[in-house]
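Asks:
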Amino acid sequence: MNKRKIRLTDIARQAGVSTATVDRVLNERPGVKAHTAERIHNAIKQLENASGGKTGSLAGSILYFDFIIPAGSNTFMQNLQNAITGMGDKLRANAIIVRSHRIHGFDAQALAESIRKVGPHSNGLAVVALDNPIVREAVNEMVDRGIPVVTLVSDLPNSRRLAYVGLDNRSAGRTAGYLMGRFANAGTGNVVLIAGSIGLSYRDHQEREFGFRDSLSEQFPNLTIAERIDNQDDFEKAYEQICKILDQGKNIIGIYNIGAGNRGIGHALQERGLAQDTIFIGHEITSYSRQFLIEGVMDAVINQDVDHETNETLRLLIGHHVGNTQMIELGPPKVEVLLRENLP
4 MNKRKIRLTD IARQAGVSTA TVDRVLNERP GVKAHTAERI HNAIKQLENA
54 SGGKTGSLAG SILYFDFIIP AGSNTFMQNL QNAITGMGDK LRANAIIVRS
104 HRIHGFDAQA LAESIRKVGP HSNGLAVVAL DNPIVREAVN EMVDRGIPVV
154 TLVSDLPNSR RLAYVGLDNR SAGRTAGYLM GRFANAGTGN VVLIAGSIGL
204 SYRDHQEREF GFRDSLSEQF PNLTIAERID NQDDFEKAYE QICKILDQGK
254 NIIGIYNIGA GNRGIGHALQ ERGLAQDTIF IGHEITSYSR QFLIEGVMDA
304 VINQDVDHET NETLRLLIGH HVGNTQMIEL GPPKVEVLLR ENLP
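In this note's numbering, each number is its position in the sequence shown, counted from 1, plus 3.
(1) Excluding the 5 residues flanking residue 313 on each side, which residues of the same chain have their C-beta closer than 6 Å to its C-beta?
(2) Quick one, are the C-beta atoms of residue 285 and residue 236 less than 7 Å apart?
(3) List the residues that DSSP assigns as beta-bridge partners of residue 226.
(4) Would you grab the beta carbon distance between residue 28 and residue 40 for me? Rounded to a whole angstrom, and I think it's under 8 Å.
(5) First and last residue of the beta strand (DSSP E) that includes residue 103?
(6) Less than 7 Å between C-beta atoms, sequence neighbours within five positions excluded: which residues of the same chain meet that for residue 316?
(7) If residue 324 sits next to residue 66, beta carbons under 8 Å apart, how far is it from one beta carbon to the other, in whole angstroms?
(8) Which value, in whole angstroms, describes the spacing of the CA atoms of residue 233 and residue 204?
(9) Distance check for residue 114 and residue 135, CA to CA, integer angstroms please.
(10) Which of the three DSSP states, helix, strand or coil, is assigned to residue 231?
(11) When you compare the CB positions of residue 292 and residue 300, do they come within less than 7 Å of one another, or not?
(12) Taking the beta carbon of residue 342 as the centre, do at least 16 other beta carbons fall within 10 Å, making it buried, or is it exposed?
(13) Suppose contacts are defined by Cβ-Cβ distances below 7 Å. Is residue 172 in contact with residue 210 by that definition?
(14) Determine which residues share a DSSP beta bridge with residue 286 and list them.
(15) Is residue 186 helix, strand or coil by DSSP?
(16) According to DSSP, is residue 154 helix, strand or coil?
(17) Tell me the residue span of the beta strand (DSSP E) that contains residue 111.
(18) Which whole-angstrom value describes the C-beta separation of residue 187 and residue 257, a residue pair presumed to lie in contact below a C-beta threshold of 8 Å?
(19) In this structure, does DSSP put residue 168 in helix, strand or coil?
(20) Run through DSSP, which three-state label would residue 25 get?
(21) With a 10 Å radius around its C-beta and 16 neighbouring C-beta atoms as the bar for buried, classify residue 72 as buried or exposed.
(22) Roughly how many whole angstroms lie between the Cα atoms of residue 138 and residue 118?
(23) If you compare alpha carbons, which of 253, 246, 185 is closest to residue 223?
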């Protein structure tokens, strides 16, 4: 089998530097900072390991796949990051390099800029999408350049993305509404709906709210959405907002949290002694939501499997690149309802 040398462009891409900088380091010329040189040497080692440990040779091309996901205190996104890192470690031996990039959430401009910056140096992108025209335009530009884009967790309809990997979020919202109504046991009262943002920039949040509202209006008219607040997926904001609402003395019998921030909501309920009297439904199993379920602070968590979604995303990108549409299909993730009694 003929093998070619690892290219300067491969090393530069892996290290995140220019080919000129790589050339300076390889030829031991001055002008490169020590930490940059170390990063380049580490990149070479990673590429050599990916090619089977033979220095200076690589059988076939290295594939680079990039995930762009929100940064911040969102525990679910950290779990997603961990899943991406884990899959990257497994695929490295097959000359597949998986990289992740964290950007500020709810910022369409930052996401579009990241897509345009990362995309040209990638064989495929996975993006937690914001439903915004400038993001759609950036995605379509990458597709026009032959770079496939998969939307992950939150979709971007009417774009030319390759596929969407994530929950049926309208169904998830309807499920939350049904659970809220059944747990209320025909009681009359007010419900607090906590959204990620006022404009619902993430389509998964939009669809969950629509589904939740539809379910209540169709089946449980005894429940009223009295408050709708925006926490920007920040648990500290969620804590402050829920404390304020609870202190107003309204007849709040239930809370549905569409996105992140369960940690703050749970702590607010515990501090006020209302955890056992308030129905609390949220999304994503994390160390915090798991403990809240065990303690009876949360009544139900609607979960999605980040390992499944990461695997399916990479399957689609790899399959698209190698032209193999018959790779093992994992199928779409299912809406999973977790209670204290069925925690895995």
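Ideal Cβ positions, reconstructed from N, Cα and C, are used throughout, including at glycine.
Replies: Taking the structure as given:
(1) Along the sequence shown, read from residue 1 onward, the residue named residue 313 stands at position 310. Here the set comprises 86, 87, 90.
(2) What you label residue 285 is simply residue 282 of the sequence shown in a count that begins at 1. What you label residue 236 is simply residue 233 of the sequence shown in a count that begins at 1. Residue 236 sits away from residue 285, with the two beta carbons spaced by 7 Å or more.
(3) As a first step, residue 226 is located in the sequence shown; it is residue number 223 there, counting from the start. Answer is 192.
(4) The residue you call residue 28 lines up with position 25 of the sequence shown. The residue you call residue 40 lines up with position 37 of the sequence shown. Right, their Cβ atoms sit about 5 Å apart.
(5) Translated into positions along the sequence shown, residue 103 becomes position 100. From DSSP, the beta strand (DSSP E) with residue 103 extends over 99-106.
(6) Working through the sequence shown from its first residue, we reach residue 316 at position 313. Cβ neighbours of residue 316 beyond the five flanking positions: 129, 153, 155, 168.
(7) Here residue 324 refers to the residue found at position 321 when the sequence shown is read from its first residue. Here residue 66 refers to the residue found at position 63 when the sequence shown is read from its first residue. With a Cβ gap of about 6 Å, residue 324 and residue 66 count as contacting.
(8) In the sequence shown, residue 233 corresponds to position 230, counting from 1. In the sequence shown, residue 204 corresponds to position 201, counting from 1. Cα to Cα, the separation comes out at about 11 Å.
(9) The residue labelled residue 135 in the question sits at position 132 within the sequence shown. The residue labelled residue 114 in the question sits at position 111 within the sequence shown. Using only the alpha carbons, I get a separation of about 10 Å.
(10) Taking the first residue of the sequence shown as 1, we reach residue 231 at position 228. In the displayed model, residue 231 falls within a strand according to three-state DSSP.
(11) Locating residue 292 in the sequence shown gives position 289, where the first residue counts as 1. Locating residue 300 in the sequence shown gives position 297, where the first residue counts as 1. Contact: no.
(12) For this step, residue 342 is matched to residue 339 along the sequence shown. Residue burial is scored here from C-beta neighbours: residue 342 has fewer than 16 other C-beta atoms within 10 angstroms and is therefore classed as exposed.
(13) To locate residue 172, count along the sequence shown from 1; it is residue 169. To locate residue 210, count along the sequence shown from 1; it is residue 207. Taking 7 Å as the cut-off, the Cβ atoms of residue 172 and residue 210 count as close.
(14) Position 283 of the sequence shown, counted from the first residue, corresponds to residue 286. According to DSSP, residue 286 bridges with 305.
(15) Within the sequence shown, numbered from 1, the residue matching residue 186 stands at position 183. Note: residue 186 maps to helix in three-state DSSP.
(16) Numbered from 1 along the sequence shown, position 151 holds the residue referred to as residue 154. Here residue 154 sits in strand by DSSP.
(17) Position 108 of the sequence shown, counting from 1, holds the residue named residue 111. For residue 111, no beta strand (DSSP E) run applies; the uninterrupted alpha helix (DSSP H) run containing it begins and ends at 111-121, by DSSP.
(18) Looking up residue 187 in the sequence shown gives position 184. Looking up residue 257 in the sequence shown gives position 254. At roughly 6 Å, the Cβ-Cβ gap stays under 8 Å, so residue 187 and residue 257 are in contact.
(19) Indexing the sequence shown from 1 puts residue 168 at position 165. In this structure, residue 168 counts as strand in the three-state DSSP scheme.
(20) Start at 1 with the first residue of the sequence shown, and residue 25 comes out as number 22. Helix, per DSSP.
(21) Counted from its first residue, the sequence shown places residue 72 at position 69. So residue 72 counts as buried.
(22) Position 135 of the sequence shown, counted from the first residue, corresponds to residue 138. Position 115 of the sequence shown, counted from the first residue, corresponds to residue 118. Roughly 8 Å between the two C-alpha positions.
(23) By 1-based counting over the sequence shown, the position of residue 223 is 220. When only C-alpha atoms are compared, the closest one is 185.
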